[in-house]
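> Quick one: this structure, given as structure tokens, is what I'll be asking you about.
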Amino acid sequence: MKSMAEAQNDPLLPGYSFNAHLVAGLTPIEANGYLDFFIDRPLGMKGYILNLTIRGQGVVKNQGREFVCRPGDILLFPPGEIHHYGRHPEAREWYHQWVYFRPRAYWHEWLNWPSIFANTGFFRPDEAHQPHFSDLFGQIINAGQGEGRYSELLAINLLEQLLLRRMEAINESLHPPMDNRVREACQYISDHLADSNFDIASVAQHVCLSPSRLSHLFRQQLGISVLSWREDQRISQAKLLLSTTRMPIATVGRNVGFDDQLYFSRVFKKCTGASPSEFRAGCEEKVNDVAVKLS
55 MKSMAEAQND
65 PLLPGYSFNA
75 HLVAGLTPIE
85 ANGYLDFFID
95 RPLGMKGYIL
105 NLTIRGQGVV
115 KNQGREFVCR
125 PGDILLFPPG
135 EIHHYGRHPE
145 AREWYHQWVY
155 FRPRAYWHEW
165 LNWPSIFANT
175 GFFRPDEAHQ
185 PHFSDLFGQI
195 INAGQGEGRY
205 SELLAINLLE
215 QLLLRRMEAI
225 NESLHPPMDN
235 RVREACQYIS
245 DHLADSNFDI
255 ASVAQHVCLS
265 PSRLSHLFRQ
275 QLGISVLSWR
285 EDQRISQAKL
295 LLSTTRMPIA
305 TVGRNVGFDD
315 QLYFSRVFKK
325 CTGASPSEFR
335 AGCEEKVNDV
345 AVKLS
């Protein structure tokens, strides 16, 4: 049995002051072991606590509601949030890593987590990201328990990396990276804007997809059809040529795949609200206005 003096110096036991910028550790709770009790802090703490379950199950209670923590779950308790948690009664163990910290001022956005109840935040990395978060937690604990001159600063920087990794993972889930085949298709289309015989089949063949599959992926990832995206690129390139060169309008049209100048003019006006000649005149007028102001 540990003495009261020892307990005050052990962050795993009641009475520890947590009077530091960062304290980190592992709590290995076994059924009927000396750590098998519920943490009960009705007023919470002054800092934040991150809690990662690595084995077994824990249970968090808050005003009559409960949440079961399973391996891979990360909880965030902000300052003042109720702390009432321990081993789940039906589990033989609950091993969880934790980090207590006082955040840097610019971390505010990164600490705004979806909550399971009250203000207790929750995040569960997907299978691909879980090893990264587990590894970072371990590094934070090792650095936080180190005695080197820069140990605490290193631990804080690793914690910052963990918070940013979460932001990055969330961003990826909201905005998945573009499929390489769609990216290659976009590049192929951009390289062949002058091709007046363009068809989707040639693009699909280039990226080893069927035309229907390419069309589906394109709309899924870019929210627009292949032909509409190409049209946008053609008009953008035409605007660039009209505003930066003295190239004849018919030549501009051919450079973006329009053999018929009248048809090019109709499409251009439909997309921009001005004919190619009107658009060029407007660009020249803006340049002249700037020149006058600078003279």
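Here the sequence shown is numbered in this note's numbering, starting from 55 and rising by one per residue.
Cβ atoms here follow ideal geometry from the backbone N, Cα and C, with glycine treated the same way.
1. Could you tell me the alpha carbon to alpha carbon distance between Met99 and Pro231, rounded to whole angstroms?
2. Where DSSP assigns a beta bridge to Arg141, which residues make up the other side?
3. I'd like to check one pair, His142 with Gln111: are the Cβ atoms closer than 8 Å?
4. To the nearest angstrom, how far is it from the Cα of Tyr204 to the Cα of Asn211?
5. Tell me whether the region 112-124 and the region 158-173 touch, counting them as touching only if at least three CB pairs, one residue from each stretch, are closer than 8 Å.
6. Given a cut-off of 8 Å on the beta-carbon distance, is the pair Phe155 and Leu76 in contact?
7. Would you say the region 231-240 touches the region 185-198, given that touching needs at least three Cβ pairs under 8 Å?
8. Apart from the five residues just before and just after Leu247, which ones in its own chain have a Cβ nearer than 7 Å to its Cβ?
9. Between Glu222, Leu190 and Glu226, which has its C-alpha nearest Leu213's C-alpha?
10. At what residues does the beta strand (DSSP E) containing His150 begin and finish?
11. Would DSSP call Asn234 helix, strand or coil?
12. For Leu216, which residues of its own chain have a beta-carbon under 6 Å away from its beta-carbon, when the five flanking residues on both sides are left out?
13. What is the DSSP secondary structure of Leu247, counted as helix, strand or coil?
14. Using the C-alpha atoms, what's the distance from Pro330 back to Leu296?
15. Is there a Cβ of chain D sitting closer than 8 Å to that of His75, yes or no?
16. Starting from Arg119, follow the alpha helix (DSSP H) in both directions and report where the run begins and ends.
17. Could you give the distance in angstroms between the alpha-carbon of Gln274 and the alpha-carbon of Tyr242?
18. Entirely within the region 284-335 and at least 3 residues each: give me those beta strand (DSSP E) ranges in chain order.
19. For Lys340, count neighbouring Cβ atoms within 10 angstroms of its own Cβ and tell me buried if that reaches 16, exposed if not.
20. Kindly identify the DSSP beta-bridge partner or partners of Val77.
21. Starting from the C-beta of Ile360, find all residues in its chain whose C-beta is less than 6 Å away, skip the five residues before and the five after it, and write them out in chain order.
22. Excluding five sequence neighbours on each side, which residues of the same chain lie with their C-beta closer than 8 Å to the C-beta of Ala223?
23. Could you give the distance in angstroms between the alpha-carbon of Phe318 and the alpha-carbon of Leu294?
24. Helix, strand or coil, according to DSSP, for Asn211 in the structure here?
25. Apply the 10 Å Cβ neighbour rule to Tyr88 and answer buried if 16 or more other Cβ atoms are within range, or exposed otherwise.
To lay it out plainly:
1. 39 Å
2. In the DSSP assignment, the residues bridged to Arg141 are Gly112.
3. yes
4. 11 Å
5. yes
6. yes
7. Result no; under three Cβ-Cβ pairs closer than 8 Å.
8. Gln287, Arg288, Gln291, Val310 and Gly311
9. Leu190
10. Glu147 to Phe155
11. helix
12. Leu190
13. coil
14. 7 Å
15. Absent from the structure is chain D; it holds one protein chain and no more.
16. Arg119 -> not in any alpha helix (DSSP H); beta strand (DSSP E) instead, spanning Arg119 to Cys123.
17. As the crow flies, the alpha-carbon of Gln274 is around 19 Å from that of Tyr242.
18. none
19. exposed
20. Partner(s): Tyr154.
21. Only positions 55 to 349 of the chain appear in this structure, which leaves residue 360 out of reach.
22. Correct list, in chain order: Pro179, Asp180 and His183.
23. Roughly 15 Å between the two C-alpha positions.
24. helix
25. Label assigned to Tyr88: exposed.
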